[in-house]
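Letter by letter, the sequence shown follows residues 79 to 567 of the working numbering. Written below as structure tokens is the structure these notes are about.
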Amino acid sequence: MTSKEMEERSGVPRANIRYYEAEGLLHPERLKNGYRSYSEEDLRTLEKIKLLRRLGVSVEEVRALIQGGETLDAVLDRRLAALGSERASLGRVQAVCGAVRDAGVSFAELDAGRYLQDLDAPALPEENGTWWADARSPGLPAADALPTVYSIPRRLLARLFDYLLLTMALLVVMCLAGYNPARANALAMNLGTTVLLGLLEPLCLRLFAATPGKALLGMRLTAPDGKKLSYGAGLNRYLRMLWHGLGCYIPILSLVQLYRSATRCSNQEPQPWDEGVAYTAAPFRIRYALAFAAVGAAVLLGSESVNCACQLPPNRGDLTVAEFAENFNRQADYVGVNLGGCLDETGSWREAPPEPNVFRVDIGEELPGAEQFRYTVKNDRLTAVTLSGEAENTKEWYSLPTERMAVALMAFAWAREDASFWTGPRQDQLAALDRADWEEGFSLRQGDLAITLETEVKSFAPSGSTGIAVPINETDNRFAFTFTMEVEP
């Protein structure tokens with residue numbers, strides 16, 4: 079029979095049944111699919127365990143009875159002796175409690191010493207009352223089930239925090255290694271985080287009995303004896319959680335497994351991956367929520383700070399032409415813009431050799447001259463960068479070199495000391511450049527830096543929303559632009 083059938087027929091909750099298995103009192107058959115199969119003999123053994131535990135016989139004594147190391151008479155004799163002692167003690171407590179009540183004294187007038195002597199008396203005369211007659215029969219001891227956490231919010235937040243923490247750590251490592259996280263494949267990132275979490279979570283449980291998320295919310299995971307889980311046990315738990323709790327992120331199945339997990343928590347049933355694990359949670363305190371929020375904010379702020387810092391060019395402040403060229407090449411590589419070449423140390427454009435078996439298709443041609451920057455230098459310092467191009471009386475379609483201008487802005491404007499450290503204002507600059515009207519141009523300011531785009535358009539019309547300029551009159555037209563970044567005195 080299944081665990082559910084065993085529970086229904088015996089009246090013993092599944093959490094208790096698994097606890098007795100962990101203690102070696104039950105030994106169900108394991109099927110090939112990993113599920114348990116209980117026999118009628120297992121049911122009879124469980125009923126005996128239930129009876130003896132409700133009578134107050136210890137688990138160790140029950141185990142000794144099953145293994146033949148104890149006789150039932152000897153065990154029950156000890157239990158009867160213990161019950162007699164407990165009854166005498168309770169009778170003494172009842173008598174002293176009644177005496178204090180009958181005295182009718184206040185707390186200030188209470189003579190504690192007198193009544194403490196009565197409590198510590200070697201014996202108490204037997205009373206004729208039947209104070210114990212209506213007492214309920216005892217249930218199974220609470221300790222017969224491994225503790226677990228049923229709070230859906232605490233469990234979910236702890237796991238999400240661990241996942242977020244590791245994801246942020248990966249993003250920081252990528253930034254420090256010079257790789258733009260925005261270019262990372264989302265599937266590869268999720269897979270990498272899942273694998274790394276599978277390696278690090280068991281290690282945290284082995285060393286600290288908690289992961290960062292669980293520790294912040296006052297939760298611990300240990301073996302039944304209170305010792306820390308072995309690395310293998312922690313890894314096995316993680317893999318089972320990955321399947322039974324998250325469905326290995328398989329679409330639809332993951333939602334089904336999440337629903338089942340939430341239902342088990344609502345019904346106060348243990349999760350399959352918590353089998354053989356003592357999962358405890360301290361009573362919720364407001365400090366847990368505050369600590370969780372504070373650490374979460376610190377993690378996000380720290381990772382965003384690293385991300386912002388890594389978006390800045392390597393050379394800052396007043397630049398030389400060579401430093402601008404280095405900034406330009408690095409920024410183009412960081413954001414993944416392939417301009418078909420790079421700037422050399424003199425700031426001149428050098429075309430890259432064509433890649434074999436790669437064909438590049440451009441809808442609009444680049445304006446003649448738009449590949450080479452012009453520089454204004456004063457006292458060996460770069461004060462202005464200009465990019466321009468023009469075409470007239472042509473039948474070609476043209477577009478503004480917005481990518482080249484954006485990379486130049488990232489290399490020069492972002493290198494200024496007054497450039498914003500945070501991403502938001504810098505992204506606003508790029509967005510303004512992207513929205514630029516090639517018929518009217520635009521103007522931006524950043525401190526003493528003026529950024530302008532001037533255009534001259536004659537007999538060209540826009541092609542839909544592509545940003546491509548299409549000649550209307552092929553024999554009398556003109557399209558020119560000048561993009562300038564200049565440090566004003």
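Every residue gets a Cβ at the ideal spot worked out from N, C-alpha and C, and that includes glycine. Please read all numbers here as calculations on a predicted model, not as lab measurements.
| Item | Value |
| --- | --- |
| Under the rule that 16 or more other beta-carbon atoms within 10 Å means buried, what is K305, buried or exposed? | exposed |
| Quick one: Cα of A213 to Cα of Q172, how far? | Model confidence at A213 stands at a pLDDT of 42, short of 50, so the residue's coordinates are unreliable; what they give is reported in the following sentence. Computed Cα separation, rounded: 14 Å. |
| Thinking just about the alpha-carbon of each residue, which of A260, T272, M483, P549 is nearest to the one in W475? | P549 |
| What does the alpha-carbon distance come out to for the pair R494 and Q349? | 56 Å |
| So, for Y228: in the same chain, excluding its five sequence neighbours on each side, which residues have a beta-carbon less than 6 Å away from its beta-carbon? | C343, Q346 |
| Determine the DSSP secondary structure at G207, reduced to helix, strand or coil. | Bear in mind that the predicted position of G207 carries a pLDDT of just 45, short of 50, making it too unreliable to give a figure here. |
| Assign D352 to buried or exposed, taking buried as 16 or more other Cβ atoms, counted over all protein chains shown, within 10 Å of its Cβ. | buried |
| Any idea what DSSP makes of Q524, helix, strand or coil? | strand |
| Give the DSSP-derived three-state secondary structure of I550 in the structure shown. | coil |
| Can you list, in chain order, the residues of its chain with a C-beta nearer than 8 Å to that of R108? Leave out the 5 residues immediately preceding and following it. | R114, S115 |
| Using 7 Å as the threshold, is the C-beta distance between E138 and V153 below it? | no |
| Are the stretch 355-374 and the stretch 330-344 touching by the rule of at least three beta carbon pairs closer than 8 Å? | no |
| Give the DSSP-derived three-state secondary structure of S117 in the structure shown. | coil |
| Tell me, to the nearest whole angstrom, how far the beta carbon of W492 is from that of L390; I am working on the premise that it is less than 8 Å. | 6 Å |
| Identify the continuous alpha helix (DSSP H) that holds F370 and give its terminal residues. | 364-389 |
| Output needed for L197: all residues of its chain with C-beta closer than 8 Å, excluding positions within five of it in sequence on either side, in chain order. | R170, V171, V174 |
| Is the Cβ-Cβ distance between M297 and A359 less than 7 Å? | yes |
| Let me know if S381 comes out buried or exposed under the rule of 16 or more other beta-carbons within 10 Å of its beta-carbon. | buried |
| T245 lies in the alpha helix (DSSP H); which residues open and close that run? | 230-254 |
| Which residue comes first and which comes last in the alpha helix (DSSP H) that contains F406? | 399-413 |
| My guess is that N263 and V413 are in contact by the Cβ rule of under 8 Å, so how many angstroms apart are they, rounded? | About 16 Å separates the two Cβ atoms, so there is no contact after all. |
| Determine the extent of the alpha helix (DSSP H) in which Y327 is found, giving its start and end residues. | Y327 -> no alpha helix (DSSP H), and no H or E assigned at all. |
| In the stretch 133-206, which residue ranges form an unbroken alpha helix (DSSP H) of at least 4 residues, counting only runs that do not cross its ends? | 137-145, 150-181, 190-197 |
| To which residues of the same chain is L294 closer than 8 Å at the C-beta, ignoring the five residues directly before and after it? | A236, F239, Y366, A369, F370, V373 |
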